Each structure stands twice: as structure tokens, then as C-alpha cells.
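Remarks on the structure that follows.
Number of protein chains: 2
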Amino acid sequence: MPEFATLDHESLSSAVYGALCDALIQGRFQPGDRLKIRDLAEQFGTSVTPIRDAILRLANEEAITFRSPRDIRIPSMSESRYREIRAIRVKLEGLAAETAAQVATSADIDCLEQILRDNERAIADGDRLKGTQLNQAFHFMLPEIAGLPVLNGILRRLWLQMGPLISDAYIPGGRAMIDHHYPVIEALKRHDSAAACMAIVDDILLGGKPILERIEREERLQMMRV
Amino acid sequence: MPEFATLDHESLSSAVYGALCDALIQGRFQPGDRLKIRDLAEQFGTSVTPIRDAILRLANEEAITFRSPRDIRIPSMSESRYREIRAIRVKLEGLAAETAAQVATSADIDCLEQILRDNERAIADGDRLKGTQLNQAFHFMLPEIAGLPVLNGILRRLWLQMGPLISDAYIPGGRAMIDHHYPVIEALKRHDSAAACMAIVDDILLGGKPILERIEREERLQMMRV
DNA sequence: ATAAGATACTTGATGCATCTTTTTTGGCAT
DNA sequence: ATGCCAAAAAAGATGCATCAAGTATCTTAT
Numbered sequence: 003m004p005e006f007a008t009l010d011h012e013s014l015s016s017a018v019y020g021a022l023c024d025a026l027i028q029g030r031f032q033p034g035d036r037l038k039i040r041d042l043a044e045q046f047g048t049s050v051t052p053i054r055d056a057i058l059r060l061a062n063e064e065a066i067t068f069r070s071p072r073d074i075r076i077p078s079m080s081e082s083r084y085r086e087i088r089a090i091r092v093k094l095e096g097l098a099a100e101t102a103a104q105v106a107t108s109a110d111i112d113c114l115e116q117i118l119r120d121n122e123r124a125i126a127d128g129d130r131l132k133g134t135q136l137n138q139a140f141h142f143m144l145p146e147i148a149g150l151p152v153l154n155g156i157l158r159r160l161w162l163q164m165g166p167l168i169s170d171a172y173i174p175g176g177r178a179m180i181d182h183h184y185p186v187i188e189a190l191k192r193h194d195s196a197a198a199c200m201a202i203v204d205d206i207l208l209g210g211k212p213i214l215e216r217i218e219r220e221e222r223l224q225m226m227r228v
Numbered sequence: 003m004p005e006f007a008t009l010d011h012e013s014l015s016s017a018v019y020g021a022l023c024d025a026l027i028q029g030r031f032q033p034g035d036r037l038k039i040r041d042l043a044e045q046f047g048t049s050v051t052p053i054r055d056a057i058l059r060l061a062n063e064e065a066i067t068f069r070s071p072r073d074i075r076i077p078s079m080s081e082s083r084y085r086e087i088r089a090i091r092v093k094l095e096g097l098a099a100e101t102a103a104q105v106a107t108s109a110d111i112d113c114l115e116q117i118l119r120d121n122e123r124a125i126a127d128g129d130r131l132k133g134t135q136l137n138q139a140f141h142f143m144l145p146e147i148a149g150l151p152v153l154n155g156i157l158r159r160l161w162l163q164m165g166p167l168i169s170d171a172y173i174p175g176g177r178a179m180i181d182h183h184y185p186v187i188e189a190l191k192r193h194d195s196a197a198a199c200m201a202i203v204d205d206i207l208l209g210g211k212p213i214l215e216r217i218e219r220e221e222r223l224q225m226m227r228v
């Protein structure tokens with residue numbers, strides 16, 4: 003069970019929500035982990051009310067599920083669900099990349115290149131957490147550059163659902179995780195929408211391979227257990 | 003302020019949430035309407051807790067916003083936001099239509115045709131509410147047929163945000179709202195993915211015209227007021 | 001009559017008590 | 001040892017009291 007960052011947002015509810023989101027996206031929960039409102043309340047040092055608020059919000063976006071009315075858990079993802087999310091990401095991040103390529107300024111490009119440099123260093127240092135965070139930052143930067151906040155929110159929700167899977171899936175991936183980020187930047191520099199879209203799609207499909215393999219491995223285990 | 007359907011779900015919270023969703027999707031709130039937790043609690047005959055739960059969930063998906071920490075309102079949509087949502091719908095409903103075309107059974111087709119027949123009758127009867135509901139049912143049936151539940155959830159959230167706009171936008175639209183549904187069904191019958199995608203895209207772009215005009219009208223009014 | 005300040009009210013956030021249902025546990029019989 | 005049933009503990013749902021912050025209203029001095 004992870005420890006959480008300190009609470010410093012607008013309200014306790016949203017602070018807890020933010021902390022839980024971070025924990026999910028960083029892969030600090032495992033599929034199947036059970037959450038208890040009272041336990042979390044103790045860990046956060048609040049009453050149960052703000053925790054409930056946060057849990058309900060997360061449950062609403064299916065980052066957490068109620069297996070039964072009193073059993074709150076991190077869901078495990080089926081292969082078909084992951085494939086669906088991947089297909090959605092291909093369409094939406096493709097749109098983001100296309101649009102970003104049309105409007106990207108040199109400052110935007112600089113920002114992306116900085117992220118990529120930091121990511122290279124994190125991978126060289128073997129800092130898995132930082133690596134996944136920077137990978138994520140790169141992906142979220144594209145809808146940002148494109149000026150598509152709604153799309154950004156949708157992707158954030160999808161990432162929340164994938165979080166528990168990526169915790170260790172990127173160990174074998176190594177730097178394959180970011181190889182496809184370079185063509186994205188090149189395409190943005192040339193304002194080449196089609197190339198930007200293709201590059202990010204490649205990244206999603208190939209970069210997601212280790213995740214798919216992990217899911218298949220886990221589903222095989224499920225089978226054998228039954 | 004609308005009246006709400008009776009509560010009959012699993013829990014009071016989700017019942018209230020469902021009722022508020024229905025009200026939003028049916029366009030029974032207007033942009034700018036203010037919600038008060040205590041008032042809603044009285045209307046629903048519950049305490050404030052389930053209402054808060056529902057409101058927080060809706061706020062999380064941006065179907066309602068907290069203008070200030072104590073001022074809960076139905077947001078009005080900017081033109082750029084609507085255009086973004088439309089672009090996202092084009093990608094996602096396009097994907098749903100493509101996939102549905104590959105897997106649709108004759109039972110699925112029958113279901114779509116039934117919806118379309120009912121929709122024709124509703125329009126002929128001048129039943130605006132039923133018309134918009136059936137239009138929505140048609141759109142939600144495609145990801146259902148395609149077996150894409152995540153996509154369905156995303157679209158549901160987007161519809162929640164558009165709900166307050168469509169209440170009267172479809173009056174001038176008349177039956178233009180469903181003209182493009184026929185080519186969709188034809189494409190599904192032929193298992194023609196590309197045609198299905200194109201047809202639904204046409205429907206989104208052309209069917210959404212009245213909504214865009216309403217937004218432009220309201221933004222002009224906003225201008226003049228300032 | 002008007003404007004500024006003070007008072008009362010409104011309203012969401014938080015904490016907490018209680019209720020019902022589920023889950024766990026302990027003991028007993030096989 | 002194992003499986004089953006009952007009692008106890010756990011846990012989320014609901015209701016409600018209180019708090020703090022914002023809003024409206026009323027008073028009062030000019």
C-alpha cells in the first residue's frame with residue numbers, strides 16, 4: 003500500500019483525489035488491491051468524508067470499482083478492454099498530434115525536447131518512476147499544445163485506468179518506451195500533421211507491447227487458478 | 003428547474019446521479035442554472051449526503067462546475083469547446099461505426115431500424131423530448147454493437163456536457179436530425195466500415211449545425227452584455 | 001435619500017454517529 | 001484436518017450537526 007503526497011489543494015476532497023490519482027498513475031497500486039475508506043482516512047489524517055468523495059469520483063471514472071457494495075478494489079484490466087483503450091488512444095492522441103503539428107510554436111518544441119532529454123537521463127539512471135512520469139508528460143503535452151482540454155481530460159481518465167498496469171511493464175521495455183517520441187518532435191517541427199499522427203500511433207502500439215504481454219500473462223494465471 | 007424521475011437504483015447516491023444525468027441529457031437544465039444541494043435534497047426527499055455524492059461525480063466529469071466554492075452551476079459551453087467535443091465525437095463515433103459495421107448482426111440492424119422508425123414517429127408527432135432521446139439512443143447503440151464499453155462511457159460524458167444545449171436546438175433542425183442515420187444503417191448492412199464512418203461523421207457535423215448556431219447566438223449576447 | 005458597515009442568513013465542507021449488510025472469525029461436528 | 005454455521009467485527013451508506021466563507025439585508029450616520 004503506497005504512501006501519499008502531502009495535501010495542499012483547494013479542499014481536502016480534491017487533495018485526496020489528487021493524491022490517489024498520482025498514486026494510480028505512478029502504478030503504486032496493483033490490480034486487485036483493496037481500498038478501505040477508514041484506513042485511508044487514517045493515513046491522510048482526515049475524516050472519512052473527503053475520502054469517500056475522492057473514492058466516488060474515482061469509481062465514477064472506473065479507476066476504482068466496487069466489486070460488491072462494501073468491497074472497493076483496483077480493477078484488473080481484461081485484454082479486450084486494454085485493446086479498446088489502445089484503439090481510443092490511437093484516435094485521440096492521433097487527433098492531438100495532428101492538431102499540435104499545425105499550431106506548435108518553437109517554445110512548445112523546446113518543451114518537448116526538454117522532456118525527452120530528461121527522460122533519456124531517467125532511463126540511463128534506471129529511474130523507472132521518473133521515466134514513466136516523463137513518458138506520460140510527453141503524451142499529455144501534445145493535447146496541451148493542440149489546445150484540446152477536453153481531450154486531455156479523457157486521456158487522463160484512460161491513463162488512470164492503465165496506471166496499475168504500467169508499474170513494472172516498462173522494466174523490460176527499456177528505452178523502447180521513448181524511441182518513437184523523436185519522430186513526433188521531428189514531424190511537429192515540419193508542421194507535418196500526418197507524420198505526427200503516424201509517429202504517435204506507432205508509439206502507442208509498439209510502446210504498449212509490454213503492457214499487453216503483462217495482461218496476457220496475468221490472464222493465463224487467472225485461467226490456471228480456475 | 004426540472005422535476006426528477008423516481009429513485010429506484012442500487013443506492014440513493016447513484017439514483018440521484020442517474021436522475022440528474024437524465025435531466026441533463028434531456029436538456030432540462032439551462033446553462034447558468036444554479037444547483038443547491040439542500041434544495042435538491044428536499045426535492046429528492048433525501049439528506050444532503052447522496053446529493054453531494056452525485057454532484058461531485060457530475061462535477062468531476064465537468065457536467066456541472068463550481069463557479070466559486072459555494073456556487074454550483076450548469077456551465078455554458080464556449081464555441082471552441084463545442085468544436086473540440088465535435089472533433090472528438092467524429093473520431094470516436096467514427097471508430098464505433100467502423101467496428102460496428104464489421105460485427106453487426108441482423109438483430110442489431112433490426113434494433114437500429116426500430117429506433118429510427120420510433121424516431122420518425124416522434125418527429126411527426128412533434129415530440130421533441132422523445133426525438134432527442136431516440137437520436138441519442140441511436141448514437142449510443144453503435145458502440146454497443148461494436149462492443150466498445152469504454153468508448154460508450156466517454157461519449158456518455160460528452161453528451162452530459164452537451165445536454166443543456168440541445169434542449170431547443172433541435173426545434174429548427176426538424177427531421178434533419180436523423181436524415182443521416184439511414185446511410186449508417188445501409189453501410190452496416192453491407193459491412194462497409196468506411197461508409198459507416200463517413201455517414202456518422204456527416205450526421206455529427208451537419209446534425210450539430212443548429213447547436214453551433216445556438217452557441218454563436220449566445221456568445222453574441224454575452225458580448226453585448228459586457 | 002444614500003452609502004457604508006454590521007448583522008443575519010445561505011451554503012458547501014467536514015466530521016461524526018448510526019444503520020445495514022458484508023466479511024471475517026471462532027467453534028463445533030464430521 | 002476440513003467444512004459449516006453463528007456470532008462478532010468491519011465497512012460503506014446515510015443522516016445530521018457544526019464550521020467557515022460568502023451573500024443579502026438591515027441599520028445608521030451623513
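Here the protein sequences come in this chain order: A and B.
When you number the first sequence by my numbering, it's gap-free, plus one each residue, and the end is 228.
When you number the second sequence by my numbering, it's gap-free, plus one each residue, and the end is 228.
Just so you know, even glycine gets a beta-carbon here, dropped at the ideal spot from N, CA and C.
Just so we're clear, the structure is a prediction, and the values are computed from it rather than from any experiment.
| message | If we define contact as Cβ-Cβ less than 7 angstroms, is residue 86(B) a contact residue for chain A? | response | Closer than 7 angstroms to some Cβ of chain A, the Cβ of residue 86(B) qualifies, so yes.
| For residue 228(A), three-class secondary structure by DSSP | Residue placement at residue 228(A) is poorly supported in this model, since its pLDDT is 49, which falls under 50; the coordinates still yield a value, given next. Residue 228(A): coil per DSSP, three-state reduction.
| For chain B, is any of its Cβ atoms less than 7 angstroms away from the one on residue 162(A)? | Taking Cβ atoms only, chain B never reaches closer than 7 angstroms to residue 162(A), which makes this a no.
| field | Minimum Cβ-Cβ distance from residue 41(B) to chain A less than 7 angstroms | value | It does not: the Cβ of residue 41(B) has no partner Cβ on chain A nearer than 7 angstroms.
| request: Grab me the residues of residue 215(A)'s own chain with a C-beta within less than 7 angstroms of its C-beta, minus the 5 sequence neighbours each way, in chain order. | output: Correct list: empty, nothing qualifies.
| Residue closest to residue 183(B), alpha-carbon to alpha-carbon, out of 193(B), 114(B), 154(B) | Minimum Cα distance to residue 183(B) is reached at 114(B).
| field | Residues, ordered as in the chain, of the region 55-76 of chain B that lie near chain A by beta-carbon distance below 8 angstroms | value | Near chain A, meaning a CB-to-CB distance below 8 angstroms, the residues of the region 55-76 of chain B are 55, 58, 59, 62, 63, 64, 71.
| query | Along chain A, in chain order, which residues have C-beta atoms closer than 9 angstroms to that of residue 90(B)? | reply | The answer, in chain order, is 93, 94, 97, 150, 152, 153, 156.
| query | Which residues bound the beta strand (DSSP E) around residue 57(B)? | reply | Premise fails: residue 57(B) lies in the alpha helix (DSSP H), 50-62, not in any beta strand (DSSP E).
| query | What do you get for residue 67(B), buried or exposed, if any count of 16 or more other CB atoms within 10 angstroms of its CB means buried? | reply | Around the C-beta of residue 67(B), fewer than 16 other C-beta atoms lie within 10 Å, and the residue is accordingly described as exposed.
| message | Only counting the same chain, and skipping five residues up and downstream in sequence, which positions put a Cβ closer than 8 angstroms to that of residue 153(A)? | response | Exclusion of the five residues before and after residue 153(A) leaves 94, 97, 98, 145 as the residues of its chain whose Cβ lies within less than 8 angstroms of its Cβ.
| said: Counting only Cβ-Cβ distances shorter than 8 angstroms, please list the residues of the region 114-131 of chain A near chain B, keeping chain order. | reply: Going along the region 114-131 of chain A in chain order, one finds no residue with a Cβ nearer than 8 angstroms to chain B.
| query | residue 41(B): which of 50(B), 181(B), 17(B) sits nearest, CA to CA? | reply | Nearest option by C-alpha distance: 50(B).
| Three-state class that DSSP yields for residue 76(A) in the structure shown | Coil.
| Going by Cα to Cα distance, which pick from 59(A), 81(A), 33(A) is closest to residue 17(A)? | For the residues 59(A), 81(A), 33(A), the minimum Cα distance to residue 17(A) belongs to 59(A).
| query | For residue 166(B), which of 19(B), 22(B), 28(B) has the nearest alpha-carbon? | reply | Ranking the options by Cα distance to residue 166(B), first place goes to 28(B).
| task | Report the rounded CA-to-CA distance for residue 200(B) versus residue 138(B), giving the unit in angstroms. | result | Using only the alpha carbons, I get a separation of about 18 angstroms.
| CA-to-CA distance, residue 189(B) to residue 14(B), given in whole angstroms | Distance between the alpha carbons of residue 14(B) and residue 189(B) is about 42 angstroms.
| Length-filtered (4 minimum) alpha helix (DSSP H) runs lying within the region 115-199 of chain B | Counting whole runs of 4 or more residues, the region 115-199 of chain B contains the alpha helix (DSSP H) stretches 130-148, 151-175, 178-181, 183-191.
| In DSSP terms, what residue 67(A) is bridged to | Residue pairing by DSSP puts residue 67(A) in a beta bridge opposite 75(A).
| message | Could you compute how far the alpha carbon of residue 108(A) sits from the alpha carbon of residue 148(A)? | response | Taking the straight line from one Cα to the other gives about 13 angstroms.
| message | I want to verify the contact list: residues of chain A whose CB lies under 9 angstroms from the CB of residue 83(B), in sequence order. | response | For residue 83(B), the C-beta contacts it makes with chain A under 9 angstroms involve 151, 152, in order along the chain.
| task | Return the CA-CA distance between residue 222(A) and residue 128(A), expressed in angstroms with no decimal places. | result | Answer to the nearest angstrom: the Cα atoms are 29 angstroms apart.
| task | Identify every residue that forms a DSSP beta bridge with residue 83(B). | result | Answer is none; residue 83(B) lacks a bridge partner.
| Quick one: what does DSSP say residue 30(A) is sitting in, helix, strand or coil? | In this structure, DSSP gives residue 30(A) a state outside helix and strand, which the three-state scheme calls coil.
| Nearest candidate by alpha-carbon position, reference residue 210(B), set 30(B), 194(B), 220(B), 164(B) | In terms of CA proximity to residue 210(B), 164(B) leads the group 30(B), 194(B), 220(B), 164(B).
| field | Own chain, CB closer than 7 angstroms to residue 168(A), minus 5 neighbours either side, in chain order | value | Excluding residues up to 5 positions away in sequence, 29, 134, 213 lie with their Cβ nearer than 7 angstroms to the Cβ of residue 168(A) in the same chain.
| query | So which of 205(B), 101(B), 54(B), 87(B) has the shortest CA-CA distance to residue 43(B)? | reply | For residue 43(B), the nearest C-alpha among the options comes from 54(B).
| Once you ignore the five residues that flank residue 63(B) on each side, which residues in its own chain have a CB closer than 6 angstroms to its CB? | If we look at residue 63(B) and ignore the five residues flanking it on each side, its Cβ neighbours are 159.
| said: Could you check whether residue 126(B) and residue 193(B) sit closer than 7 angstroms to each other, using their CB atoms as the reference points? | reply: Taking 7 angstroms as the cut-off, the Cβ atoms of residue 193(B) and residue 126(B) do not count as close.
| Just reading off the alpha helix (DSSP H) that residue 43(A) is part of, what are its end residues? | Taken as a continuous stretch (DSSP letters only), the alpha helix (DSSP H) holding residue 43(A) covers 39-46.
| said: Can you tell me whether residue 71(B) is buried or exposed? The criterion is at least 16 other CB atoms within 10 Å of its CB, across all chains shown. | reply: With fewer than 16 other Cβ atoms within 10 Å, it is exposed.
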